[in-house]
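Peer 1:
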Amino acid sequence: MTTLTGKKIVVVGGSSGIGFGVAAAALEHGADVVIVGRSEDKLRAAEKRLGGVGRVTRIAADMASEADVARLFDTGGAFDHLVATAGTPPPNDPIGETDMDFVRGFVDGKLVGAVMLAKYAVRKLNKGGSMIFTSGINKDRPPVPGGSVVSAVAGSFTYFARALALEIAPTRVNIVSPGWVDTEMWDEIVGEAKTGYFEQMGARIPAGRIARPADIAPAYLYLMQNAFMTGETVHIDGGQRLV
Ligand SMILES: NC(=O)c1ccc[n+]([C@@H]2O[C@H](COP(=O)([O-])OP(=O)(O)OC[C@H]3O[C@@H](n4cnc5c(N)ncnc54)[C@H](OP(=O)(O)O)[C@@H]3O)[C@@H](O)[C@H]2O)c1
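Structure, rendered in structure tokens:
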């Protein structure tokens, strides 16, 4: 395993949820971290919570905008690992009631955004570097109704990583696929009902509870540090796919 001490890690989505957990864990392991999100206020609050004086930089950018992504990597300079956790609540309407503008916005933000991150990041990645994108359990346990779009997008990441890992080798490309994680995204999707959902699912899954971002972050750190992992999807879901 290689050390993260002194490595520079760009976390797109680092101002909240899973990405914030990755940024915090990477700092603990001695890395310098660049956190990226759309909202400057969220980034500033996250930087304060991370408390990594001098080792955290924040850059406001929308990964759905090619101009923003180009600027992100122009101003950010050379770096060692790209972690992309950014995402927004997925469409969840039955297919016959699909709002196509919402679907396009979701696919642009998550999948086309990942392609753009890869396009510009590849020019700035140091030797021995890697890219890690985030999919999710919806591809394996589709929520019904309305789960087809998020399942398709999440599933596509596995094949994106396999092909890209061949294309840009020796730079490595991997995917983390989490089960449910207690993050700010759930507050946005279900509000106060979150507690009930989590209790029910926590009681069903082998791990006995829903994950916190700190449970998921080590999967990203492992993929950064293990020079032999590439083209892989790592599931980390407390056994949620089994139930
Ligand atoms: N939480 C779960 O249970 C779970 C399970 C499986 C998979 N996932 C996936 O994991 C990813 C992260 O989820 P999370 O729960 O950590 O969400 P979260 O707490 O809402 O965090 C999302 C982060 O992404 C940023 N972001 C969103 N859209 C962006 C864009 N277009 N450009 C740049 N930054 C953007 C947000 O900041 P701004 O809003 O300021 O841009 C925020 O920092 C999502 O793709 C989600 O689908 C989550």
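In short: position in the sequence shown from 1, add 1, done, that's the working numbering.
We treat Cβ as the ideally placed atom computed from N, Cα and C, and that holds for glycine.
#1: Using a Cβ-Cβ cutoff of less than 6 Å, which residues in the same chain neighbour Val57 once the five nearest sequence positions on both sides are dropped?
#2: On the DSSP letters alone, give me the boundaries of the beta strand (DSSP E) that Arg59 sits inside.
#3: Which whole-angstrom value describes the C-beta separation of Met225 and Leu5, a residue pair presumed to lie in contact below a C-beta threshold of 8 Å?
#4: Relative to the alpha-carbon of Pro92, which residue among Phe103, Asp188 and Ala85 has its alpha-carbon at the smallest distance?
#5: Is it buried or exposed, Gly130, if we count other Cβ atoms within 10 angstroms and call 16 or more buried?
#6: Just tell me which of Glu67, Thr86 and Leu126 has its CA closest to the CA of Ile36.
#7: By Cβ distance below 7 Å, which residues in the same chain neighbour Leu165 in space, the five residues on each side in sequence not counted?
#8: Just to confirm, is the Cβ distance from Ile190 to Pro95 under 7 Å?
#9: Which residue from Lys195, Gly97 and Ala208 puts its Cα closest to that of Gly239?
#10: Using DSSP bridges, identify the partner residues of Thr135.
#11: Rounded to the nearest angstrom, what separates Met101 and Thr159 at their Cα positions?
#12: Report buried or exposed for Met2, applying the criterion of at least 16 other Cβ atoms within 10 angstroms of its Cβ.
#13: With a threshold of 6 Å, establish whether the CB of Ile10 neighbours any heavy atom of ligand 1.
#14: Return the chain-ordered ranges of every beta strand (DSSP E) run that is complete within the stretch 100–148 and spans a minimum of 3 residues.
#15: With DSSP as the reference, label Lys9 as helix, strand or coil.
#16: Give the DSSP bridge partners of Gly38, in chain order.
#17: Whose C-beta lies closer than 6 Å to the C-beta of Val151 among residues of the same chain, with five residues either side of it excluded?
Peer 2: Looking at the coordinates:
#1: Val34, Glu48 and Leu51
#2: Val57 to Ala61
#3: 6 Å
#4: Phe103
#5: buried
#6: Thr86
#7: Ala119 and Val174
#8: no
#9: Ala208
#10: Val177
#11: 24 Å
#12: exposed
#13: no
#14: 126–135
#15: strand
#16: Ala61
#17: Pro91 and Asn139
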